[in-house]
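What follows is a set of notes on a single structure, which appears directly below.
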Amino acid sequence: MATTSAPVIDTIAAMTLDSLERCHMDDNTLILSRIAALVAMDAPAVSYLAHIDPALRADFTAEQLQDLLVAIAPIVGTARVMSAAGHIAKAFGVAIALADAEAEAIARAEVDSRNAF
Numbered sequence: 004m005a006t007t008s009a010p011v012i013d014t015i016a017a018m019t020l021d022s023l024e025r026c027h028m029d030d031n032t033l034i035l036s037r038i039a040a041l042v043a044m045d046a047p048a049v050s051y052l053a054h055i056d057p058a059l060r061a062d063f064t065a066e067q068l069q070d071l072l073v074a075i076a077p078i079v080g081t082a083r084v085m086s087a088a089g090h091i092a093k094a095f096g097v098a099i100a101l102a103d104a105e106a107e108a109i110a111r112a113e114v115d116s117r118n119a120f
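Numbering-wise, the sequence shown is residues 4 to 120 according to the numbering used here.
Structural data, given as structure tokens:
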């Protein structure tokens, strides 16, 4: 594996790819499993942020997320579920802010390219 300036992220990405290659779950079941594991570990918002795009691609819905949290609450406990809800909300806020910033940058670039002529 090549060495880059982001070895931790590269390692996590490689582990994730290896896991996906060896896993035979459908996309929806896979994202359900991963989010349940994040809740059980009391993972930080950044961990959820990394799963937003795969969840959207798997057509994972807000209702499925709610059902998942209800289903695992008796196992992981209400404190973990409430913590996860806060981390998930924060992750969505960051994702929206990033999308807004990207949209603004694209709009600025379009205006700049029009003004250049």
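By construction, the Cβ of each residue, glycine as well, lies at the ideal position given by its N, Cα and C atoms.
key: Cα-Cα separation, Leu68 to Asn118   = Position 65 of the sequence shown, counted from the first residue, corresponds to residue 68. Position 115 of the sequence shown, counted from the first residue, corresponds to residue 118. Straight-line Cα distance between these residues: approximately 45 angstroms.
ask   = Shortest alpha-carbon distance to Ala94 belongs to which of Arg25, Ile55 and Leu72?
value = Position 91 of the sequence shown, counted from the first residue, corresponds to residue 94. The shortest C-alpha separation from Ala94 is found at Ile55.
message = Counting C-beta neighbours from all protein chains within 10 Å, is the total for Val11 16 or more, i.e. buried, or is it exposed?
response = As a first step, residue 11 must be located in the sequence shown, where it is residue number 8. Under this definition Val11 is an exposed residue.
ask   = In terms of residue numbering, what span does the alpha helix (DSSP H) encompassing Asp45 cover?
value = Here residue 45 is taken as the residue at index 42 of the sequence shown, counted from 1. Looking at the DSSP string, Asp45 is not in any alpha helix (DSSP H), and its letter there is neither H nor E.
query = How far does the alpha helix (DSSP H) with Phe63 in it reach, from first residue to last?
reply = As a working mapping, residue 63 is identified with position 60 in the sequence shown. No alpha helix (DSSP H) holds Phe63; DSSP gives it neither H nor E.
key: Segment contact, 8 angstroms Cβ cut-off, at least three pairs: the segment 71-81 with the segment 103-113   = no
ask   = Where does Ser116 sit, in a helix, a strand or coil, going by DSSP?
value = Here the question's residue 116 lines up with position 113 in the sequence shown. Helix at Ser116.
key: Leu35 classed as buried or exposed, judged by whether at least 16 other C-beta atoms fall within 10 angstroms   = By one-based count along the sequence shown, residue 35 stands at place 32. Flag for Leu35 reads buried.
request  = Report the option in Ala65, Arg25, Arg83 and Asp103 whose CA atom is closest to the CA atom of Val42.
outcome  = As a first step, residue 42 must be located in the sequence shown, where it is residue number 39. Nearest of Ala65, Arg25, Arg83 and Asp103 to Val42, Cα basis: Arg83.
task = Verify whether the separation of the beta carbon atoms of His90 and Ala46 is less than 9 angstroms.
result = The sequence position of residue 90 within the sequence shown is 87, counting from 1. The sequence position of residue 46 within the sequence shown is 43, counting from 1. With respect to the 9 angstroms criterion, His90 and Ala46 are classified as neighbours on the basis of their beta carbons.
query = When you compare only the Cα positions, how much space is there between Met18 and Leu52?
reply = Against the sequence shown, residue 18 aligns to sequence position 15. Against the sequence shown, residue 52 aligns to sequence position 49. Cα to Cα, Met18 sits roughly 17 angstroms from Leu52.
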